[in-house]
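*Asks:* The following block contains the structure, expressed as structure tokens.
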Amino acid sequence: MKTKLLTLALAALTIGLLGSCNKNNGPETPKTSEGKLSGKFTVNAEGKKVQFSKGNLWVDGDKALHFESNQYSFASSWDASHVSHFTWSSTVADAVGNSNSGVNLFCDESHKVSVDRSEAIYYALSKDEWTYLFNNPGRMVNGKSCYSNAVTGVTIGGTTYKGVFLYPDNYNGEAVSDSMTWDDINAAGIVFLPAAGYRDGSNVVFFGRVGAGYYWSSTASDGYYAYDVYFFNYDIYPDSFGSRDNGYSVRLVTDVN
Numbered sequence: 000m001k002t003k004l005l006t007l008a009l010a011a012l013t014i015g016l017l018g019s020c021n022k023n024n025g026p027e028t029p030k031t032s033e034g035k036l037s038g039k040f041t042v043n044a045e046g047k048k049v050q051f052s053k054g055n056l057w058v059d060g061d062k063a064l065h066f067e068s069n070q071y072s073f074a075s076s077w078d079a080s081h082v083s084h085f086t087w088s089s090t091v092a093d094a095v096g097n098s099n100s101g102v103n104l105f106c107d108e109s110h111k112v113s114v115d116r117s118e119a120i121y122y123a124l125s126k127d128e129w130t131y132l133f134n135n136p137g138r139m140v141n142g143k144s145c146y147s148n149a150v151t152g153v154t155i156g157g158t159t160y161k162g163v164f165l166y167p168d169n170y171n172g173e174a175v176s177d178s179m180t181w182d183d184i185n186a187a188g189i190v191f192l193p194a195a196g197y198r199d200g201s202n203v204v205f206f207g208r209v210g211a212g213y214y215w216s217s218t219a220s221d222g223y224y225a226y227d228v229y230f231f232n233y234d235i236y237p238d239s240f241g242s243r244d245n246g247y248s249v250r251l252v253t254d255v256n
């Protein structure tokens with residue numbers, strides 16, 4: 000009887016150890032669903048809807064994934080403890096690495112992640128989903144475009160922001176202007192993709208005065224390139240493609256329940 004009890008106790012201990020994290024950080028932090036915005040977006044002709052994360056993705060020095068606390072935030076210089084421009088990878092082994100040559104995000108369409116201990120599961124949109132989001136006439140809002148290109152700048156609360164605003168399905172308001180606040184924008188479920196430039200090795204370029212945005216899709220082009228969303232002062236290309244070695248921004252989505 001004692002032998003059987005000892006065996007059960009050892010089994011329970013083993014299961015407990017296998018189920019714990021590698022680091023002992025004390026009690027587990029409760030999961031939250033506050034990582035997503037309220038706006039709902041149709042991303043294909045079959046009616047699939049998603050919600051966007053509250054901010055761009057970034058990774059810390061321990062390779063843990065996080066969302067920026069604000070939609071407009073991104074790292075404008077190399078910082079190994081806060082990297083927000085990712086190179087593209089299609090292998091699990093290179094999912095997240097950390098060096099001056101790049102931080103790899105596993106962007107394959109089958110790869111989904113939990114971020115900031117959220118109960119929601121996030122992933123990157125495919126090339127076709129990004130293209131539908133920007134270009135399909137069925138996504139027109141109030142007979143107007145479903146996005147506005149503000150790479151030339153919109154001043155909100157005394158600060159000028161450059162990027163693209165995406166309006167959710169059934170949005171009934173006006174385009175974002177300097178009369179609005181970030182509370183207004185977030186409450187309406189409007190998504191802002193900041194013109195965060197891109198990272199070449201340890202240098203972040205083409206942000207700020209020369210505003211441009213580069214956002215990865217989950218779709219590979221070939222062994223060297225992958226598709227992305229590219230925008231600048233004059234136009235938006237939701238089906239562009241770039242070298243996987245470039246560090247681009249990542250904005251994830253989660254399925255609407």
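For what it's worth, numbering that gives the first Met the number 0 labels the leading residue of the sequence shown as 0, then goes sequentially. All C-beta atoms, glycine included, are put in the ideal place defined by N, C-alpha and C.
1) Please return the same chain residues whose Cβ sits closer than 7 Å to the Cβ of V49, not counting the five positions on each side in sequence.
2) Below 7 Å between beta carbons: does that hold for W215 and Y236?
3) If you compare alpha carbons, which of S201, E45, A174 and L56 is closest to Y122?
4) Using only the alpha-carbon positions, how far apart do N97 and F73 sit?
5) Buried or exposed: which applies to G142, given that a residue is buried once 16 or more other Cβ atoms fall within 10 Å of its Cβ?
6) Between the Cα of N169 and the Cα atoms of T180, G157 and G188, which residue gives the shortest distance?
7) So what does Y214 bridge to, in DSSP terms?
8) Excluding the 5 residues preceding and the 5 following D262 in the sequence, name in chain order all residues of the same chain whose CB lies nearer than 8 Å to its CB.
9) Using the beta-carbon count (16 or more within 10 Å), is A225 buried or exposed?
10) Report the CB separation of V203 from S76 in whole angstroms; it is logged as a contact under 8 Å.
11) Anyone know if the C-beta pair for V82 and V112 falls short of 7 Å?
12) Determine the direct distance from the alpha carbon of V163 to that of G210, and round the result to whole angstroms.
13) Once you ignore the five residues that flank A149 on each side, which residues in its own chain have a CB closer than 8 Å to its CB?
14) Report the three-state DSSP secondary structure of R198 (helix, strand or coil).
15) With a threshold of 8 Å on Cβ separation, who are the neighbours of D234 within its own chain once the five nearest residues in sequence on each side are excluded?
*Replies:* Inspection of the coordinates gives the following:
1) F40, V42, V252, T253, D254 and V255
2) no
3) L56
4) Legend: pLDDT at N97 = 36, less than 50; position of this residue unreliable, no value from coordinates given.
5) exposed
6) G188
7) V228 and S248
8) The structure shown does not extend to residue 262, since the chain is modelled only from 0 through 256, so no value can be given for it.
9) buried
10) Contact annotation, V203 with S76: C-beta distance approximately 6 Å; criterion of less than 8 Å satisfied.
11) no
12) 11 Å
13) Y160, K161, G162, V163, F164 and V175, listed in sequence order.
14) strand
15) N148
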